[in-house]
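Have a look at the structure below before the remarks.
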Amino acid sequence: MTEEEKPNSFKRMIKGGVIKRADSGMQIRFADIHVKPGFNRRVNDERFEESIGDLVAYIVAGGEVPALEVYARDGGGVWIVEGHRRHLAYSRAIAAGMPVEWIKITQFVGNDAERVARIATSNSQLPLSSLELASVYRELRGFNWSSAEIAQRMGKKKDHVDRILALADSNTDVQQMVAKGEVAATVAVQHVKAHGD
């Protein structure tokens, strides 16, 4: 196997200068950070846009944000596991003229299912909505995780996971009503359980 054919790794990127070590940890150029299509579950709504605007203002004012959690991308650079909002805020700050080249990162260690689970456990600044959480739990169920396993990993009760999965399995019209705020997720789930579709 030639050097070019070897899978990408942090060790390889550090050796090649793609990642540099600093007193504050590892850093990588913004251009080497990639967003995997379909991985981030955020819905780009008014709440999301407002949070991004606040985050851009904070970064432009010199505010410090946590490192992005990433893993090596075989095509070069890294994929984001945690920190999609910060990445977008950096992107907008750069577009507004802020000179940002190097971004703090930390290596995510875990498998594909654990990367998906991290979506739900990492959103303390702007919690996931019920529908965003439903998307995550549904994918974890696809990894053959039981409701009890999802609950344990998320630090939630099993009945919470079951309710969110019921929302994930509900018809589109029910999900649209929840998304528009016409009905609370808990009320929608109760109605679906009591009356079916």
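Its first residue numbered -12, the sequence shown is counted upward by one per residue in the working numbering.
All C-beta atoms in this analysis are idealised placements derived from N, C-alpha and C, irrespective of residue type, glycine included.
| Check | Outcome |
| --- | --- |
| Measuring straight from C-alpha to C-alpha, what distance separates ARG79 and ARG125? | 31 Å |
| What's the gap between the Cα of ARG140 and the Cα of ASP61? | 28 Å |
| If you measure between the beta carbons of ILE90 and PHE26, is that distance less than 9 Å? | no |
| By a C-beta neighbour count over all protein chains shown, 10 Å radius and 16 as the cutoff for buried, is ALA104 buried or exposed? | buried |
| Find out if the Cβ-Cβ distance for the pair ALA107, LEU120 is shorter than 9 Å. | yes |
| Taking the alpha-carbon of GLU101 as reference, which of VAL22, VAL165 and GLU69 has the nearest alpha-carbon? | GLU69 |
| Between the alpha carbons of GLN177 and LYS143, how many angstroms are there, rounded? | 19 Å |
| What three-state label does DSSP hand MET85 in the structure shown? | coil |
| Is any heavy atom of the ligand SAM found at a distance shorter than 8 Å from the C-beta of ALA76? | What this structure holds is no ligand at all, so the ligand SAM is not there to describe. |
| Is ASP8 buried or exposed, if buried means 16 or more other CB atoms sit within 10 Å of its CB? | One point to set straight first is that residue 8 is Arg, not Asp, in the sequence displayed. It counts as exposed. |
| Give every residue of the same chain whose Cβ lies closer than 6 Å to the Cβ of VAL170, excluding the five residues on either side of it in the sequence, and list them in chain order. | MET164 |
| If ILE39 sits next to HIS74, beta carbons under 8 Å apart, how far is it from one beta carbon to the other, in whole angstroms? | That pair is no contact at about 10 Å. |
| Does the beta-carbon distance from GLY12 to ILE92 come in below 9 Å? | yes |
| So VAL65 packs on VAL57, CB below 8 Å; how close in whole Å? | 4 Å |
| CB SER(-4) to CB ALA59, shorter than 9 Å? | yes |
| Which of helix, strand or coil does DSSP assign to ARG16? | strand |
| Looking at the unbroken alpha helix (DSSP H) that takes in ALA138, where does it start and where does it end? | 134 to 141 |
| Ignore the nearest five residues each way along the sequence and tell me which others in ILE81's own chain have a CB closer than 8 Å to its CB. | PHE17 and VAL87 |
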